[in-house]
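The structure appears right after this line, and notes come after that.
In this note's numbering, the protein residues as written are 1 to 522.
As structure tokens, this is what we get:
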């Protein structure tokens, strides 16, 4: 098997790290910043929405969203994301990465604004329009996953490709952080301007009418970063790997990359013709050859992402419950509506600052030294350990004196999710599949992850309820309790560790080497 690599791709693989790499990281990364901001900022305002729209006169506790509404508001964006990942992933291989890339950003911008303008006076009208726009917001966010990863992997060089793709993903940490910080600032301003008594003092006055603007402002600001990067996204040239290997336009690829790399690259139309005729470069997604070459790889990337997201999202969505349980957030009736937003945002920002953000950047720093496989294995291993360490002595952790210990363990689980499978499951699918199926396969893997996120978000909403129906949240059936839920999560992490063995190591190899695209069957 003779291997021949196009010069334009060689030039990309061997390119020194330079300015255009960083612009690509920022352009793709701002998309992820927006994704994370939009997906996670909803959890900052769900309690507020309950107080505003589901207030019950004479109730001892402030109004909360009914279970089905809460699940819809929190989860509808995830459903949209799943659909968007599959659709835009496929479209990115059909039309090219660049064409589709601006589209997803437009969608995110418009739906961010629209979701904040959710209209109507009744709770039903506001929640329905909010859910409708959050679905389409998710749809746009979904497209960002396969496209950002694919664009970054196709632009990067061999040596630091892992770090570049991981850096795009790490912007998610800043998005979560940005959401929390912005909510803290806005809540402080509102708190200073509109003074209100605690709920137990005066239930009606505790939620000032202006609070209805607070959640809308928090949701709407998600549109800003998307708008800012739109122009730059439109100016990026199509990736050379798509132009050369999928669109078969050697001259265009060489031209584009000569500009980007600022060197002269010769076009090689004959070589492209030869490569195009290889059987290795023509099989489709549903063919025997794909199954034979990449079947297990796809199973590996989809299953590990699925299992990881069950654990990851179940934690994220129950943060506020965990915080209340350990006393970071006092009982709802002792606060007014705006103060509650402030407390929830503060707790989420602290967790993001201490464990989420550092975890991502550890991955960026070490992924090209340790390799994807080692980081993913290690991450799943420690997540399993810490989950069990939280679960078995759970009653010990609930005592007042041991709360800090609980938060430390909880943060460590998060740290190893991000310095571990949360980052690597995003990186690997962008590296191991052929160019003409790369974006599709990344979309499939990511969608499988979102399926896990739904199981995590909805399944555990019900599972984590108290085993005694009387102590469960209003409207929920009895669950298996937090302790048993944590044990289930530990087992899920263990399974993730086992499925990691299906995923090949791509450290230091060119994309064509991983996908077998430049093998000349002679």
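Built from N, CA and C at the ideal position, the CB exists for glycine as well.
Item checked: alpha helix (DSSP H) runs contained entirely in the stretch 250–315, provided each spans 4 or more residues -> Correct list: 250–261 and 269–276.
Notebook entry, point to check: Distance, Cα to Cα, residue 504 vs residue 148?
Noted result: Approximately 21 Å, taken between the alpha carbons.
Margin query: Out of 70, 513 and 391, which one is the CA nearest neighbour of residue 483?
Written below: It is 391 whose Cα lies nearest to the Cα of residue 483.
Check: Hey, how far is the Cα of residue 26 from the Cα of residue 168?
Finding: If I take the Cα positions, the gap works out to 7 Å.
Check: Mapping DSSP to helix, strand and coil, what is residue 93?
Finding: In the three-state reduction of the DSSP assignment, residue 93 falls in the helix class.
Margin query: Less than 7 Å between C-beta atoms, sequence neighbours within five positions excluded: which residues of the same chain meet that for residue 257?
Written below: Correct list, in chain order: 8, 11, 12, 240 and 265.
Notebook entry, point to check: Which residue comes first and which comes last in the alpha helix (DSSP H) that contains residue 131?
Noted result: Per DSSP, residue 131 belongs to the alpha helix (DSSP H) from 123–155.
Notebook entry, point to check: Looking only at its own chain, which residues have a Cβ that is under 7 Å from the Cβ of residue 234, when we skip the five neighbours before and after it?
Noted result: The answer, listed in chain order, is 102.
Check: How long is the line joining the alpha carbons of residue 73 and residue 214, rounded to whole angstroms?
Finding: Answer to the nearest angstrom: the Cα atoms are 17 Å apart.
Next item on the list: Within 10 angstroms of the Cβ of residue 429, are there 16 or more other Cβ atoms? Answer buried if so, exposed if not.
Entry: Buried, by the Cβ-count rule.
Note to self: Quick check: the Cα distance between residue 289 and residue 506, rounded to an integer number of angstroms?
What the structure shows: Between residue 289 and residue 506, the alpha-carbon positions lie close to 21 Å from each other.
Note to self: Less than 7 Å between the beta carbons of residue 144 and residue 35, yes or no?
What the structure shows: In this structure, residue 144 lies near residue 35, with their beta-carbon atoms less than 7 Å apart.
Check: Cα separation between residue 136 and residue 46?
Finding: Whole-angstrom Cα-Cα distance: 19 Å.
Item checked: Inter-residue spacing [alpha-carbon to alpha-carbon] between residue 441 and residue 340 -> Approximately 42 Å between the Cα atoms of the pair.
Check: With a Cβ-Cβ cutoff of 7 Å, do residue 60 and residue 207 count as a contact?
Finding: Contact flag unset, no.
Margin query: Any contact between the stretch 482–497 and the stretch 79–98? By contact I mean 3 or more CB pairs, one from each, below 8 Å.
Written below: No, the stretch 482–497 is not in contact with the stretch 79–98.
Check: Excluding the five sequence neighbours on either side, which residues of its own chain have a C-beta within less than 8 Å of the C-beta of residue 400, listed in chain order?
Finding: In its chain, beyond the 5 residues on either side, 327 have a beta carbon closer than 8 Å to the beta carbon of residue 400.
Item checked: Short Cβ contact (7 Å threshold) for residue 387 with residue 416 -> Taking 7 Å as the Cβ cut-off, residue 387 and residue 416 do not qualify as a contacting pair.
Checklist line | Exposed unless 16 or more other CB atoms sit within 10 angstroms - verdict on residue 263 | finding: Exposed, because fewer than 16 other Cβ atoms sit within 10 Å of the Cβ of residue 263.
Checklist line | Nonlocal neighbours in the same chain, by C-beta distance under 6 Å from residue 371, ignoring five residues either side | finding: Within the same chain, residue 371 has close Cβ partners 505 and 507.
Notebook entry, point to check: Enumerated in chain order, which unbroken segments of the alpha helix (DSSP H) with a length of 4 residues or greater are wholly contained in the stretch 171–224?
Noted result: Taking only runs of at least 4 residues, the alpha helix (DSSP H) segments lying wholly in the stretch 171–224 are 211–220.
Note to self: Rounded to whole angstroms, what is the Cα-Cα separation between residue 1 and residue 67?
What the structure shows: In this predicted model, residue 1 has a pLDDT of only 36, less than 50, meaning its place in the structure is not dependable enough to derive any value.
Item checked: CA-to-CA distance, residue 249 to residue 151, given in whole angstroms -> Looking at the two C-alpha atoms, the distance is approximately 17 Å.
Next item on the list: Locate the alpha helix (DSSP H) running through residue 421, then write down its first and last residues.
Entry: Secondary structure note for residue 421: its alpha helix (DSSP H) is the uninterrupted segment 421–427.
Item checked: Cβ shell of residue 377 (< 7 Å), same chain only, five flanking positions each side left out -> Within the same chain, residue 377 has close Cβ partners 497 and 500.
Check: Taking the C-alpha atoms as reference points, what is the distance between residue 512 and residue 165?
Finding: Taken atom to atom, the span from the alpha-carbon of residue 512 to that of residue 165 is near 17 Å.
Item checked: Contacts around residue 188, its chain only, beta-carbon distance under 7 Å, and the 5 residues preceding and following it disregarded -> Sequence-distant Cβ neighbours of residue 188 in its own chain, meaning closer than 7 Å and more than five residues away, are 342.
Checklist line | Coarse secondary structure for residue 10, derived from DSSP in three states | finding: Taken through DSSP and simplified to helix, strand or coil, residue 10 comes out as helix.
Checklist line | Coil, strand or helix - residue 378 by DSSP | finding: Three-state result, residue 378: helix.
Item checked: Helix, strand or coil at residue 37 [DSSP, three-state] -> Of the three classes helix, strand and coil, the one that applies to residue 37 here is helix, per DSSP.
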